[in-house]
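Residue numbers for the sequence shown, in our numbering: 78 to 148. The beta-carbon is built from N, C-alpha and C at its ideal position, and this holds for glycine as well. For clarity, every value in this text was computed on a predicted model and none was experimentally measured. To keep things clear, I will list the structure first and then write my remarks on it.
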Amino acid sequence: MKTIYDIQQHLKKFGTIIYIGDRLADLELMEEEVRELYKSQCMMTEDYQMAMILLKSEIARQKDRQKREDL
Numbered sequence: 078m079k080t081i082y083d084i085q086q087h088l089k090k091f092g093t094i095i096y097i098g099d100r101l102a103d104l105e106l107m108e109e110e111v112r113e114l115y116k117s118q119c120m121m122t123e124d125y126q127m128a129m130i131l132l133k134s135e136i137a138r139q140k141d142r143q144k145r146e147d148l
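Written out as structure tokens, the structure reads:
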């Protein structure tokens with residue numbers, strides 16, 4: 078997995094489509110779904126680790142962007 082889109086496609090394989098309309102909420106929900114898939118042994122460790130790195134990075138980026146917009 079190299080992008081957030083890759084994570085979305087992986088989730089879609091399990092019938093999970095996430096779209097709330099709030100990018101940060103979407104990412105946080107994806108993070109929770111990825112954790113659940115991993116706990117259920119539906120993801121390989123390497124995919125899980127990469128997905129979490131990507132999601133945490135994008136979540137931090139979104140939070141930073143929101144902070145700047147609030148100023």
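Alpha carbon to alpha carbon, what distance is there between residue j and residue i?
i	j	result
residue 104	residue 148	23 Å
residue 134	residue 118	24 Å
residue 108	residue 129	7 Å
residue 98	residue 106	12 Å
What is the residue span of the alpha helix (DSSP H) that residue i lies within?
i	result
residue 150	The requested residue 150 does not occur in the structure, where the chain is confined to residues 78 to 148.
residue 88	81–90
residue 129	122–147
To which residues of the same chain is residue i closer than 7 Å at the C-beta, ignoring the five residues directly before and after it?
i	result
residue 127	78
Grab me the residues of residue i's own chain with a C-beta within less than 8 Å of its C-beta, minus the 5 sequence neighbours each way, in chain order.
i	result
residue 93	110
residue 96	103
Apart from the five residues on each side of it in sequence, which residues of its chain come closer than 6 Å, Cβ to Cβ, to residue i?
i	result
residue 120	114
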